[in-house]
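Here is the structure we will look at.
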Amino acid sequence: MFSHFFTLCLFITVKTSTVNEVQVHTVRQGFGVAIKCGQNIVQYGKNHFLVWYKVSLGKVPQYILRTVEDGTKYRFARAFANGHFTVSLSEEMFDLNINDVSEDDIGTYFCGIVKANVVEFGSGTLLLFQAEKIKWQLQTEMVFKDREYSTVQCSLQAVTESCSGEHSVYWFRHGSNKSHPGIIYTYGNRSDQCKTDSDGGSPTWTCVYDLPRSYTRHSDGGTYYCAVAACGEILFGNGTKVDVEEYNHWIVIALATSSIFNVIMVVLVGILFKNQQKGASNYNQSHINQAEDFDLSNCTAVRFTQKRL
């Protein structure tokens, strides 16, 4: 299959501007379905080759088949040449038939024309299963603090008679500064995280998915959404808001610096006060000594003389 696909990629350019709207076709598992090629493609393709492609979610486009020679014959890619797919080919139609539809057949099918090594696609057909009774819910809002492990959890509960195959899980986050949610994580086949219970008649399976992500920064906050691709449908859950309380290290540093500065100021004020008291004491002692010296000098200047009688 890949050899056919990459051979086409080497020699053919896809003209995506010709793709019109995608039509939706629902079908029950085990039934057959005919996917029609648009009349405009069939009419313009009489003098060119016609092709069918399949696009599945999360996979590269798959080349299914193309007409050969004069357009009255066709050739399947090896992966699709198993009798599961057939073609209704005439001058007025180039329809792709799928027998006994299964979950592996879910995807978007495109019919196109190969003109001068350029593929021009018409409208596509999205093949889905008919809606199943599916109920699911996400955990309520939680607050995540720095350095504490927590997780966002998505729970899916389904009651179905026919859908029990693999499914994929997608996580989206809508930040406060972004206009649209962005995908942040994807799983492949996550059926191993499901439990099945058939006691009530119809199989009931319950799946729980955890988002493997840490929440340590303020930028990790936002509204998280879980989406599950199963049973030919993509199911979106309600959002779970995550608030991250992140400690601001700059505030801690500022407070510590301020405390140290206050201690230094108290010590300096104490030293200045002590020095001031010591200076005042020395000044008073100096004045007392000067007064005593002055009295003594005055006293020594007095002389007594004896008078004869």
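Numbering (UniProt numbering), first residue to last: 1 to 309. Where a beta carbon is used, it is the ideal one built from N, C-alpha and C, also for glycine.
| Check | Outcome |
| --- | --- |
| Decide if E120 is buried, meaning its Cβ has at least 16 other Cβ atoms within 10 Å, or exposed. | buried |
| Compare the beta carbon distance of I35 and L89 with 8 Å and say whether it is the shorter of the two. | no |
| Could you tell me the boundaries of the beta strand (DSSP E) in which V101 lies? | It is not in any beta strand (DSSP E) - V101 carries neither H nor E in the DSSP assignment. |
| Would you give the residue range spanned by the beta strand (DSSP E) that V208 belongs to? | T204 to D210 |
| Ordered along the chain, which non-local residues of its own chain (more than five positions away) have a Cβ less than 6 Å from that of T72? | none |
| Determine the DSSP secondary structure at Q29, reduced to helix, strand or coil. | coil |
| So, at 7 Å on beta carbons, what are the nonlocal neighbours of S102 in its own chain, with the 5 sequence-adjacent residues on each side left out? | Q29 |
| What separation, rounded to the nearest whole angstrom, lies between the Cα atoms of N82 and K54? | 16 Å |
| Please name the residue, chosen from Y109, R78 and Q43, that lies closest to S56 on a Cα-to-Cα basis. | Y109 |
| Is A229 helix, strand or coil when you go by DSSP? | strand |
| For a test of the three-state rule: what should DSSP assign to G124, helix, strand or coil? | strand |
| Please report the straight-line C-alpha distance between Q153 and F261, rounded to a whole angstrom. | 47 Å |
| Just list the beta strand (DSSP E) runs in the stretch 39-119, keeping only unbroken ones of 3 residues or longer that don't cross its boundaries, in chain order. | 49-55, 62-68, 73-76, 85-89, 94-98 and 107-115 |
| Note down the Cα distance separating F129 from H25, rounded to an integer number of angstroms. | 8 Å |
| Which class does G270 belong to by DSSP, given the choice of helix, strand or coil? | helix |
| Quick one: using the 10 Å Cβ neighbour count with 16 as the cut-off for buried, is V208 buried or exposed? | exposed |
| If distances are taken between C-alpha atoms only, which option among F31, G58, Q43 and T86 comes closest to W52? | T86 |
| What span of residues does the beta strand (DSSP E) with V152 cover, start to end? | It is not in any beta strand (DSSP E) - V152 carries neither H nor E in the DSSP assignment. |
| In terms of residue numbering, what span does the beta strand (DSSP E) encompassing H167 cover? | Note, H167: premise wrong, no beta strand (DSSP E); not H, not E. |
| State the start and end residues of the unbroken beta strand (DSSP E) segment that holds C37. | Premise fails: C37 is in no beta strand (DSSP E) and is neither H nor E. |
| Would you mind sorting L156 into buried or exposed? The rule is 16 or more other CB atoms within 10 Å of its CB. | buried |
| Give me the residue from G222, A230 and H48 with the minimum Cα distance to I106. | A230 |
| Strictly by DSSP, which residues pair up with G222? | V242 |
| Can you tell me the Cα-Cα spacing of L50 and V114, whole angstroms? | 6 Å |
| Assign T58 to buried or exposed, taking buried as 16 or more other Cβ atoms, counted over all protein chains shown, within 10 Å of its Cβ. | The question names Thr, yet the displayed sequence has Gly at residue 58. Classification of G58: exposed, given that the 10 Å Cβ count is below 16. |
| Taking buried to mean at least 16 other C-beta atoms within 10 Å of its own C-beta, is L65 buried or exposed? | buried |
| Which word fits L62, buried or exposed, when buried means at least 16 other C-beta atoms lie within 10 angstroms of its C-beta? | Looking at the sequence shown, residue 62 is not Leu but Gln. Q62 comes out buried. |
| Taking just the CA atoms, how far does V228 sit from Y170? | 6 Å |
| What residue from N47, R173 and I264 has the CA that sits closest to G222's CA? | R173 |
| Please work out which residues of its chain come closer than 7 Å, Cβ to Cβ, to V42, disregarding the five sequence neighbours upstream and downstream, and give them in chain order. | E92, M93 and F94 |
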